[in-house]
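Quick note on numbering: the working numbering labels position 120 of the sequence shown as 122, and the sequence is numbered without any gaps. First the structure, in the form of structure tokens, and then the observations on it.
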Amino acid sequence: MHELNLYKEDAYLNEEYALVSKSTPLLSNLSMIENIMLITQVHEHLSRKSAKKRAYDALQSLGLDSIASLRYDVCSKKDIFYVQLIRAFEKKGAKIVIDQPFSFLTEENNINFILDALDVLLIPYQQVVIIDLKNQQSRYKEISCHIER
């Protein structure tokens, strides 16, 4: 557990990583689409209009366009997870680190919800690292999962 905490601490501080975690906050005064837009406006200096279109297209691809104008406090945990995943992907060149997804989304039984979202968003699996506890190993029985200890 100590190694996991050290890895997460490094990932939070390192600009080369983008985290998806139940402890990664979204800004409460912004809508879901604005939380996504913020990344491209800051990191890529996109105009508000361009950032909004890109964020909306990503939400729409996951069937989440209905939550675009909502704040996170009225969205489901799964919606928040997907918004964080989109935000992480918008940080171009960053390794996406998904922190203990089954503690974030306890109702999920396997990794398919993540793999499906990666496929829809065209996120290469090599760009993603999932860190989790050993007791969750049975949820990673997919062919595409390479487990390191």
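Quick reminder that beta carbons are idealized off the backbone N, C-alpha and C, glycines included.
How many Å lie between residue i and residue j at the Cα?
i, j, result
"H45", "L32", "18 Å"
"A119", "S30", "24 Å"
"Y74", "S140", "30 Å"
"E92", "I41", "6 Å"
"Y58", "I132", "26 Å"
"K51", "D81", "23 Å"
"I114", "P103", "Strictly speaking, residue 114 in this sequence is Asn, with Ile absent from that position. For N114 and P103, the distance between alpha carbons rounds to 12 Å."
"S23", "I125", "17 Å"
"S105", "V76", "20 Å"
"E109", "K79", "10 Å"
"Y142", "N111", "9 Å"
For residue i versus residue j, is the C-beta distance shorter than 8 Å?
i, j, result
"V85", "N137", "no"
"M34", "A53", "no"
"Y19", "K97", "yes"
"L21", "A90", "yes"
"S63", "L123", "yes"
Nearest CA to the CA of residue i: which residue from the options?
i, options, result
"Q129", "L107, P27, I100", "I100"
"L107", "D134, L61, D67", "D134"
"I88", "V76, A70, F104", "A70"
Tell me the start and end of each unbroken beta strand (DSSP E) in the stretch 6 to 92 that is at least 3 residues and wholly inside, in chain order. 19 to 22
Segments assigned beta strand (DSSP E), at least 3 residues, entirely inside the stretch 97 to 127: 97 to 101
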